[in-house]
Every structure is written in structure tokens, then in C-alpha cells.
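Structure, as C-alpha cells:
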Amino acid sequence: MEVSVASVAIIGSGISGLSAAYSLDKDFDVHVFEQDDRPGGHASTVVVSDPLGDVGVDTGFMVFNPPNYPKLTKFFAELNVPLTEHSGGFNFFDVDAGTYYGTEEFEKDEAYVRANYGPEFISVWEQADRLLREAPRHIMEGKCQIPLEEYLRTYGYTDDFINGYMIQISCSYWSVPVEVTLNSPAVMVIGMFLNHGKDGLGGKGVKWLAVKGGAKGYLDILIGGLKRPPRLNAAVTSVRALADGVEVRTGGSWEKFDYAIVATHADQALKLLDNPSVKQREILGTFQYNRCNTVLHTDSSVMPVPPHRWKSWNYGCMTVDGKRRPYLVYHMNSIQGFKAEQDYFVSLDSPLPIDPAKVIKTFDYEHPVITIESSKMQARLPSINDDGPLYFSGSYFSVRDLGPDFVGFHESGVYSGTQAARLVKRHASAPIGKTA
Numbered sequence: 000m001e002v003s004v005a006s007v008a009i010i011g012s013g014i015s016g017l018s019a020a021y022s023l024d025k026d027f028d029v030h031v032f033e034q035d036d037r038p039g040g041h042a043s044t045v046v047v048s049d050p051l052g053d054v055g056v057d058t059g060f061m062v063f064n065p066p067n068y069p070k071l072t073k074f075f076a077e078l079n080v081p082l083t084e085h086s087g088g089f090n091f092f093d094v095d096a097g098t099y100y101g102t103e104e105f106e107k108d109e110a111y112v113r114a115n116y117g118p119e120f121i122s123v124w125e126q127a128d129r130l131l132r133e134a135p136r137h138i139m140e141g142k143c144q145i146p147l148e149e150y151l152r153t154y155g156y157t158d159d160f161i162n163g164y165m166i167q168i169s170c171s172y173w174s175v176p177v178e179v180t181l182n183s184p185a186v187m188v189i190g191m192f193l194n195h196g197k198d199g200l201g202g203k204g205v206k207w208l209a210v211k212g213g214a215k216g217y218l219d220i221l222i223g224g225l226k227r228p229p230r231l232n233a234a235v236t237s238v239r240a241l242a243d244g245v246e247v248r249t250g251g252s253w254e255k256f257d258y259a260i261v262a263t264h265a266d267q268a269l270k271l272l273d274n275p276s277v278k279q280r281e282i283l284g285t286f287q288y289n290r291c292n293t294v295l296h297t298d299s300s301v302m303p304v305p306p307h308r309w310k311s312w313n314y315g316c317m318t319v320d321g322k323r324r325p326y327l328v329y330h331m332n333s334i335q336g337f338k339a340e341q342d343y344f345v346s347l348d349s350p351l352p353i354d355p356a357k358v359i360k361t362f363d364y365e366h367p368v369i370t371i372e373s374s375k376m377q378a379r380l381p382s383i384n385d386d387g388p389l390y391f392s393g394s395y396f397s398v399r400d401l402g403p404d405f406v407g408f409h410e411s412g413v414y415s416g417t418q419a420a421r422l423v424k425r426h427a428s429a430p431i432g433k434t435a
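In numbering that gives the first Met the number 0, the protein residues as written are 0 to 435.
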């Protein structure tokens, strides 16, 4: 007698949806829906033809480190994903002033810095050191549960430090505008700095890893292990929960499944719901996103510092229409460690013109905007999955072990995806009439 296997629809093939699919694939009939012509979400690798051979260049997810991505690290180990190490390192350059400093400067001891650098950098160095020393105490005392700008002003950090260091790196790292970063919870921004050492995000305080050959490598392994590949170009337009399952609409037809996981951005999830509850509206409606223009190119003019100073992360700043505008340039040769004759760059929201003839491909990625309200909502967010058979996951879920503000990364995607899968398993094994 053939045993019936419960079916699960997963909407979205980013890391959240695919980690859920991987967890469920052995015991369930899993169907992954993807609206684009490729799977992976922010894991996007472009294969370019270099004179030394084809190279896979990442444009979204690029690197991670074990201390801050423990679940992703374990997930990749389980999949036997080949990884490569790199040393990290960042540059800050001020296009207007023609100045730059970076990892080398922040690795010097105090005596060397005071003897060899001017007052502007010494001030930034001192304030970075002070932040590292006093912020942990302020976090423990609850003094960082306020907007970043309010915290920095309250504790006497200067405009040069705020605009030339904190804002510069933070805006680039989270791919959000200046005003959004200034209004972000101080505990989130400062906490991330503390996790990566005094030299900031992209520094050498932690061991950085990249997927060998590009993020496509882990996608190929993960998807290759599924019984059924994702359905591409299959945009889901509506989802509705029933008493005995979930219906998913693609095009003009509905398909019924026993369970469904909506593994998209929060705002997209809310739009998909055919008849959202008050709780779903309140919770999902709290989360906001910022769209970031991302360009893969070979135009080295966006790197005004000398080539021998190029690092993995290059944080630029310049004045545009009277306002300071931060941006980020990744030097992909450094990040991924591949051999290539050409230098490849990924620019985020670049105010500098990029030669169209040197543009390989452009993308628009959306990233969660962390606000005081969304940070507080993390306490309620898990309750959206209290009742099956419809569940939610995505990088807007915080990682419980890492705090309410650790969102927007592959780590939060893996965490929420596997959590949603666990709830499906628990619901499926519950006695009739009893939910998980």
C-alpha cells in the first residue's frame, strides 16, 4: 500500500526558502516557486570571460565568518561546500579631500599612530578605540536602545567620526541611506562593529570565508540534492490558508498543498496573502526595505586610492548636491581570491560615473531597514508562525542567539528557513485536531 506524503509549497528560492526545502525534502513532497529566471535570491554569481579563463563573480551574498554566521557555517559544512579564506581588510577614501586610510592604519599601536599621522586620523582612531571600550558597557546598561545619531551625539562623538567612519561604513554595509542609518537602533549598528573589532566591518578581527568559485557553488550543491528543482519563472500571485491546507496561485490557476512556507521579504509576503489577518498585517507591515543599485563592472576609476591599497571593502564618500554621500566598492579579486587578468568591482549606489562600456551587469537588491519599531516587533514576529498550515521565513527574522537586530543576512535566512521547516514537521506529526 502506497503511503501518502504531505506536500509543501515554498514561495521563494533564496537562502531561506532553499534551506527550508533542504530540511523538508527527505520526508515531504516539496515544491519551490521562484518568480525569477534563476534561483538563489541574493546569492547571485555572474560568470565572466576573463583572458585567464571563466570566472564566477558574486554580486549579492559574498562572504561570511563563523563567529557571526554559526548556522550558515554548519549548513555549508553539512553540504560540503568548498570554501576559500581571505584576509578581509577595508579602505576609507574621501573623494573630495583626496585622503584615505584603512586596515593598515587601524592595526598600528597608539604610539605609532600619534607619531606618524595627522590630527584628523588620530581623532578618528581615538574615537574608534573609545567606542570599542565603552559601548559594551552602554549596551549592557540599556543605553543603546535609541537611534544611532542620538547615541553618538549624547556621548560626544564628533562630526568627523560620525560622517567619516560610522556612517560611512554602516550605510555601505547595510545598503541604506544616511538618514536611515542615523535612525537605526544604536545597539544594532554598534553591536555589529563590536563583533568585527575596532577596525570595523570588513576588518581583520574575524576569519572571513567565501564560497570557492562563487555562491553559485553552494546553490548547485543544495539544489542538486533536492528531489525536484525550483520552478523558475513561476511567480506566485496569491496564497490562502484553508482548514485543510494551503492554496497557491500562479498565473490563473490555484494549486493545493498540505503546507506552505512564504520565504520572501516581509512586504512581499503581506501582498501575497489573499486575506491577511490583523496580526499578519500588523507584524509584516512593520518591516521596510531599501532598494540598492548594484553594478558589476571593470571601471577602476571608482577606486581613487593607489592599486596597492585596494582592499576587499572600499568605502568611499563624496559630496553630492551639498550632502555627504557614502558608497561601497567591492574588489572582487580580493574577496573571492580568484586568478584573473582583469580587476572586477561591484559598486553599490555609486555616485561616481561608471563607464557604460565597462559595465557587465546591473542588479537591484532590496535590504531590510532596521528601525526602532521593527526591532521591537522581533519579539512578536515568531507568533506569526503559531498556527499552521501557513508559515513564514526570511532574512527579516532575527537570529535568536545573536539578538533582535541581527537581520538581513544569510545567517538569518538559514535560521528562519530551518525554523519554519521544523514547525511544518512538528505540525505534520501532531495528532489530528492538535496543532504545533
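Think of the CB as a built atom: it goes at the ideal place given N, C-alpha and C, for glycine as much as any other residue.
Note that the coordinates shown come from a computational prediction; the quantities given were computed from them, not determined experimentally.
Exercise for the section: Quick one: grab the DSSP three-state call for Q377. Expected result: Residue 377 sits at position 378 when you count from the first residue of the sequence shown. Here DSSP, grouped into helix, strand and coil, assigns Q377 to coil.
Practice task
Answer with buried or exposed for P355, where buried requires no fewer than 16 other C-beta atoms within 10 angstroms of its C-beta.
Solution key: Within the sequence shown, the letter at position 356 stands for residue 355. P355 counts as exposed, since fewer than 16 other beta carbons sit within 10 angstroms of its beta carbon.
Exercise for the section: Please report how far the alpha carbon of D128 lies from the alpha carbon of A110, in whole angstroms. Expected result: Stepping through the sequence shown from its first residue, residue 128 is reached at position 129. Stepping through the sequence shown from its first residue, residue 110 is reached at position 111. If you take the alpha carbons of D128 and A110, they lie about 14 Å apart.
Exercise for the section: Could you work out which residue in L271, F256, M191 is closest to Y263 when comparing CA atoms only? Expected result: As a working note, residue 263 is residue 264 in the sequence shown. The amino acid occupying residue 263 in the given sequence is Thr; Tyr does not appear at that position. Proximity to T263 across L271, F256, M191 peaks at L271, based on C-alpha coordinates.
Problem - Touch test, the region 252 to 262 against the region 218 to 230, Cβ-Cβ under 8 Å, three pairs minimum - result: By the C-beta criterion, the region 252 to 262 is judged not to be in contact with the region 218 to 230, since fewer than 3 inter-stretch pairs fall below 8 Å.
Problem - Reference K25; option with closest CA among V4, Y154, T58, F63 - result: Taking the sequence shown and counting its residues from 1, one reaches residue 25 at position 26. Closest by C-alpha distance to K25, out of V4, Y154, T58, F63, is V4.
Handout entry: P303 versus E148, L151, Y99, residue with shortest Cα-Cα distance
Key = Here residue 303 corresponds to residue number 304 of the sequence shown, with the count starting at 1. Per the C-alpha coordinates, the member of E148, L151, Y99 positioned closest to P303 is Y99.
Practice task
From the DSSP output, read off the bridge partner residues of M317.
Solution key: Counting from 1 along the sequence shown, the entry for residue 317 is found at position 318. Beta-bridge partners of M317 (DSSP): R324.
Handout entry: Endpoints, the alpha helix (DSSP H) within which V179 is located
Key = The count along the sequence shown starts at 1 and reaches residue 179 at position 180. From DSSP, the alpha helix (DSSP H) with V179 extends over 177 to 181.
Problem - First through last residue of the alpha helix (DSSP H) which encompasses I334 - result: Mapped onto the sequence shown, residue 334 falls at position 335. Note, I334: alpha helix (DSSP H), 331 to 335.
Exercise for the section: Assess, as a yes-or-no matter, whether the region 30 to 40 is touched by the region 323 to 334 under the definition of 3 or more beta carbon pairs within less than 8 Å. Expected result: No, the region 323 to 334 is not in contact with the region 30 to 40.
Exercise for the section: For E443, name the three-state secondary structure that DSSP assigns. Expected result: This structure does not reach residue 443, given that the chain is present from 0 up to 435, and the question cannot be answered.
Practice task
Measure the C-alpha to C-alpha separation of D53 and H137 and round it to an integer number of angstroms.
Solution key: Taking the sequence shown and counting its residues from 1, one reaches residue 53 at position 54. Taking the sequence shown and counting its residues from 1, one reaches residue 137 at position 138. If you take the alpha carbons of D53 and H137, they lie about 49 Å apart.
Problem - Where K107 falls: helix, strand or coil (DSSP) - result: Working through the sequence shown from its first residue, we reach residue 107 at position 108. Of the three classes helix, strand and coil, the one that applies to K107 here is coil, per DSSP.
Practice task
Excluding the 5 residues preceding and the 5 following G40 in the sequence, name in chain order all residues of the same chain whose CB lies nearer than 6 Å to its CB.
Solution key: Working through the sequence shown from its first residue, we reach residue 40 at position 41. Cβ within range, chain order: G13.
Practice task
Starting from E254, follow the beta strand (DSSP E) in both directions and report where the run begins and ends.
Solution key: For the purposes of this step, residue 254 is taken as the residue at position 255 of the sequence shown. Bounds of the beta strand (DSSP E) holding E254 are 252 to 256.
Practice task
Return helix, strand or coil for V4, following the three-state DSSP convention.
Solution key: Position 5 of the sequence shown, counting from 1, holds the residue named residue 4. The answer is coil: DSSP assigns V4 none of H, G, I, E or B.
Exercise for the section: Would you identify the three-state DSSP class for V186, choosing helix, strand or coil? Expected result: The residue you call residue 186 lines up with position 187 of the sequence shown. Here V186 sits in helix by DSSP.
Exercise for the section: Give the secondary structure of C170 by DSSP, where H, G and I count as helix, E and B as strand, and everything else as coil. Expected result: Counted from its first residue, the sequence shown places residue 170 at position 171. The answer is helix: DSSP assigns C170 an H, G or I state.
Practice task
Would you list the residues sitting across from F89 in a DSSP beta bridge?
Solution key: Along the sequence shown, one-based indexing puts residue 89 at 90. Answer is W312, bridged to F89.
Exercise for the section: Per DSSP, which residues does V56 bridge with? Please list them. Expected result: In the sequence shown, the residue the question calls residue 56 occupies position 57. Beta-bridge analysis with DSSP links V56 to V45.
Handout entry: Where N292 falls: helix, strand or coil (DSSP)
Key = Here residue 292 refers to the residue found at position 293 of the sequence shown. The answer is strand: DSSP assigns N292 an E or B state.
Practice task
Check whether the Cβ of G88 sits closer than 7 Å to any heavy atom of the ligand MN, and report yes or no.
Solution key: No copy of the ligand MN occurs in the structure displayed, which carries no ligand at all.
Exercise for the section: State the CB to CB distance for the pair P350 and V319, rounded to an integer number of angstroms; the pair is presumed to be in contact (CB under 8 Å). Expected result: Here residue 350 refers to the residue found at position 351 when the sequence shown is read from its first residue. Here residue 319 refers to the residue found at position 320 when the sequence shown is read from its first residue. Between the beta-carbon of P350 and that of V319 there is about 5 Å, and that keeps the pair under the 8 Å contact cut.
Problem - For K310 and E106, the rounded distance between their alpha carbons - result: Counting from 1 along the sequence shown, the entry for residue 106 is found at position 107. Counting from 1 along the sequence shown, the entry for residue 310 is found at position 311. It is roughly 14 Å from the alpha-carbon of E106 to the alpha-carbon of K310.
Problem - Assigned secondary structure, P135 (DSSP; H/G/I helix, E/B strand, else coil) - result: On the sequence shown, residue 135 is found 136 positions in, with the first residue counted as 1. Three-state DSSP puts P135 in a helix.
Problem - Cβ contact (3+ pairs, closer than 8 Å) linking the region 401 to 420 and the region 55 to 75 - result: Short answer: they touch.
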